[in-house]
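> Sharing a structure here in structure tokens format.
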Amino acid sequence: MDIAIIVEGKNDKSRLSRVLSSDIPIHCTFGTLNTNRIEALRKAVGDRHVYLFTDPDSSGRRIRGMLRDVFPDADHIYTRRGYSGVEGTPEEYLIQQLEKAGLEEFILYPDPTIG
0 MDIAIIVEGK NDKSRLSRVL SSDIPIHCTF GTLNTNRIEA LRKAVGDRHV YLFTDPDSSG
60 RRIRGMLRDV FPDADHIYTR RGYSGVEGTP EEYLIQQLEK AGLEEFILYP DPTIG
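To convert, note that position 3 of the sequence shown is 2 in numbering that gives the first Met the number 0; the numbers rise steadily by one, no gaps.
Dropping the structure here:
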């Protein structure tokens, strides 16, 4: 499966890249979307299947709504309201959400012998 994930910012991307294979491109909206940024995302994503993973705050919901129009076939991944966005989501919960989205083959599971 050829996929791409879109998040809001570089801290979200950094957090997610700790639990995802580097084969999966993670693109950032870098805040408010404008026509140029949307076109750049569309071009970067190409024909890949898109997963949207934005924060549960008003800004994240607004960005998700705009991206839903651009990528109507995208799958949506959510984090809990109590966490401070994607970047503040514990890795265990990120992994659970990625599993729910059917992305198990791309998850980098922590080594159970460490810790």
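C-beta: ideal position from N, C-alpha, C; glycine also. Keep in mind it's a predicted model, so treat the numbers as computed, not measured.
Going by Cα to Cα distance, which pick from L66, K42, R36 is closest to Y50?
Selected option, being the one with the closest Cα: L66.
> So for I37, helix, strand or coil by DSSP?
Residue state, collapsed to three classes: helix.
> According to DSSP, what are the bridge partners of Y50?
According to DSSP, Y50 bridges with I4, D74.
> Nearest-angstrom Cα distance between T28 and I94?
Taking the straight line joining both Cα atoms gives about 22 Å.
> Would you decide whether L19 is buried or exposed? Buried here means 16 or more other CB atoms lie within 10 Å of its CB.
Counting Cβ neighbours within 10 Å, L19 comes out buried, since at least 16 surround it.
> Cα-Cα, which of E90, I37, T112, G101 is closest to S16?
When only C-alpha atoms are compared, the closest one is E90.
> Under 8 Å by Cβ, that's how I've got D11 and E86 pegged, so tell me the actual separation to the nearest angstrom.
Their Cβ separation, rounded to whole angstroms, is 5 Å, which keeps D11 and E86 in contact under 8 Å.
> For Q96, collect the residues of the same chain with a Cβ closer than 6 Å to its Cβ; drop the 5 residues on either side in sequence, then sort them by chain order.
Contacts found: I76.
> Taking the CB atoms as reference points, tell me whether F52 and V6 lie closer together than 8 Å.
Yes; because the gap between Cβ atoms is below 8 Å, this pair is in contact.
> Quick check: what's the CA-CA separation for R36 versus T112?
Going from the Cα of R36 to the Cα of T112 covers about 42 Å.
> Taking the C-alpha atoms as reference points, what is the distance between D74 and A100?
About 8 Å.
> Only counting the same chain, and skipping five residues up and downstream in sequence, which positions put a Cβ closer than 6 Å to that of G8?
C27, listed in sequence order.
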